Each structure stands twice: as C-alpha cells, then as structure tokens.
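Take the sequence shown: its position 249, counted from the start at 1, is 248 in numbering that gives the first Met the number 0, and no numbers get skipped. Data block below; observations after.
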Amino acid sequence: MDAPPRIRSATPDWDALRLVLHVERAGGLAGAAESLGLNAATVFRRLAALEQELGLTLFERRRSGYQCTPAGADLVAVARGLEREVARLTDRLLTRDSWPGGVLRLTTGDTLMHALLPPLLAQYQALEGVQVHVSTDPRRFDLLKGEADVALRTGGPPPVQLVGRRLARVDATVYRSVRLGGVAGQWETWPWVGVDEHLAHLDSATWLRQQGLEGRVAVRSNSLMNVYSLVCAGVGLGALPCYLGDSDPSLRRMFEPPREWRSELWLLTPPELRKVPRVRSLFDRLYEGTRASVDLLEGRRPQPV
C-alpha cells in the first residue's frame, strides 16, 4: 500500500515573504538578489527550499522572467500588506519622541475640512500632543484594512464592523452667487456646476439627472470645494451642503433643503482602536466641538434674504 502524502504545515516567516515579494517585483532572481543584498545563487536556493517546504510552486520560470502562480500571487499580496504595516509602524516609532501622543490618520471630506474641522483639530492636537495626518482624498479609505484610523464622513448608518458616533444631520440644497442677481424660480434655464463620476452617488447629483439638467452643467469636478468655488465665482448654480453654503454671505439658497438629500455625519473607527487614548479623545472633542454647529449642519441657521 502506498504511503499517504505528507501534509505540509509550514508557515512562511517575514524573510520568506520578503524574498517572494522581491522576486515578483524584479521578475527574476538577479534583480531580487541585488535588492536584497544577496547573490542570485542564494536567492535561488532559498526560493527552492521555500517551495519544497510549502509543497507549492510559487513561480513559473519563463523566458520573459519569473511569473507568479496563483499560490505565489497570494503570498505576494500578504507580503505587500505586511510591508505597508511595517512601514507605518516604523513611521510611528520614529515620530514617537516628537509626538508623545502618537500619530492619528484621519480621513474626511474637503468641505468638512474647510468649514468645520481646522479649529477643532488645532485644539485637539495642541492638547493631546498627537501628530495628525489628514486626508481629503475623494476615495473612501477602508478603515478595516488599516488605510486610516478615524473617518469623519457623511452617509447613512455605518457598517456593523465599525464603531460609530453620530454627530448631526447634514442638509444640502442648491445655491447661487449674488453675482447672478435675482434668479429665483429660474433654475432650469441657468448653467450649473456639477460633480463627476466620483461623486455621482450624491442625492443632489441624482436629482440633477432626474430633472434633465445634465446638459446644463458647464463645469464638473470631483471636489465639492471646487463646486463651491465655482458657484461663488458666478459660473452657475450648484448643490452644496448647508454648512458650506449658509455660512457664505455671497451665496443664496434657490430653495429649501429637500428632505431626500439629508444624510448624517458620523465619526467611525475600527473596534480595536475605540479605546486607544488618542482615538477616544478625538471622538470626544469632535463631538463636543460640533455642538455649536449643529444648526448650521442641519440647515437651520438663518441666511440673509
């Protein structure tokens, strides 16, 4: 009777994952050896030993170079993730002496950063001794993948995998610059400032399409701050959150904020970070700091006629 196949249970360590990552990046042994500070024979021997230990072929040897097999691609993906985490940890350790409170990565929208956050973050940073990294990239960073520590963003209830704190309702409506004069009730005939595909999910963008006004959009942007600047310049009408439009005396509402455009402002973080002092303090300070702005966020602050 034939002996049963040996089941391999080896777990690649960081050195092994790093080796696979460098071979994949270089597309061969020579380039990997150079980047690792080894010779090609050593890289070949270590790679062969790893494949034998795992019982898997990690690369196909072709004339064009080394190409990952599906198993190799899985290891490379893990290695890239670990490399990013090691780099982040190293960065935090190197800044620890200068910033005893640590480093906090916050992702938020550009309009919130413009209208609401600077004084609150200034107070938080000064009191906590934290180095704050703020990103207003329009893409949504994935907190569960470690792309940011805290998110301040609008939307509906957060996913159950995240810890969230609701700060306020957020209303929005269409604004015009006073430069355009009296255009009340004529919004169908005026040019518009709109958003591109990155913000096409917004209720106001959907409404614009439903109204058949897409052909009236003179300028599009992936940034609501750009929409705001262009509306202020008199390019055309544009939809903006009330905390931005109502706080600018050069802008006027075209109509009351539609209920259908309402969203909510949430602070979000992964469960494992909720009790970290710098995260807990940011949650508390931003919640308390936004209490004075709730009327503005919810479109209830009187605007000039």
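No residue lacks a Cβ here, since even glycine has one placed at the ideal position from N, Cα and C. Predicted, not measured: the structure shown is a model, and the values here were computed from it.
Nearest to residue i by CA position, among the options, is which residue?
i: residue 65; options: 24, 203, 210, 258; result: 24
i: residue 81; options: 12, 67, 35; result: 12
i: residue 174; options: 130, 159, 161, 191; result: 191
i: residue 68; options: 78, 56, 61, 76; result: 56
i: residue 127; options: 292, 285, 290, 280; result: 280
i: residue 107; options: 259, 121, 153; result: 153
i: residue 39; options: 29, 47, 265, 45; result: 29
i: residue 77; options: 103, 52, 15, 49; result: 15
i: residue 225; options: 103, 71, 113; result: 113
i: residue 189; options: 228, 209, 214; result: 214
i: residue 230; options: 125, 137, 148, 193; result: 193
i: residue 138; options: 299, 298, 199, 264; result: 199
With DSSP as the reference, please indicate the residues paired to residue i in a beta bridge.
i: residue 263; result: 154, 168
i: residue 146; result: Per DSSP, none; premise fails for residue 146.
i: residue 67; result: 58
i: residue 107; result: 151
i: residue 176; result: 250
i: residue 226; result: Beta-bridge pairing links residue 226 to no other residue.
i: residue 219; result: 193
i: residue 236; result: 191
Quick one, are the C-beta atoms of residue i and residue j less than 9 Å apart?
i: residue 167; j: residue 201; result: no
i: residue 172; j: residue 248; result: no
i: residue 170; j: residue 20; result: no
i: residue 105; j: residue 151; result: yes
i: residue 122; j: residue 284; result: yes
i: residue 260; j: residue 203; result: yes
i: residue 46; j: residue 18; result: yes
i: residue 116; j: residue 129; result: no
i: residue 100; j: residue 269; result: no
i: residue 186; j: residue 253; result: yes
Is it right to say residue i is buried, meaning 16 or more other beta carbons lie within 10 angstroms of its own, or is it exposed?
i: residue 176; result: buried
i: residue 5; result: Interpretation of residue 5 is limited by its pLDDT of 44, a score under 50 that renders its predicted location unreliable; the figure taken from the coordinates is listed afterwards. Exposed, because fewer than 16 other Cβ atoms sit within 10 Å of the Cβ of residue 5.
i: residue 10; result: exposed
i: residue 180; result: exposed
i: residue 85; result: exposed
i: residue 245; result: buried
i: residue 143; result: exposed
i: residue 211; result: exposed
i: residue 155; result: exposed
i: residue 88; result: exposed
i: residue 48; result: exposed
i: residue 0; result: Below a pLDDT of 50, predicted positions are generally treated as unreliable, and residue 0, at 44, falls in that range; the measurement from the model is reported next regardless. So residue 0 ends up on the exposed side.
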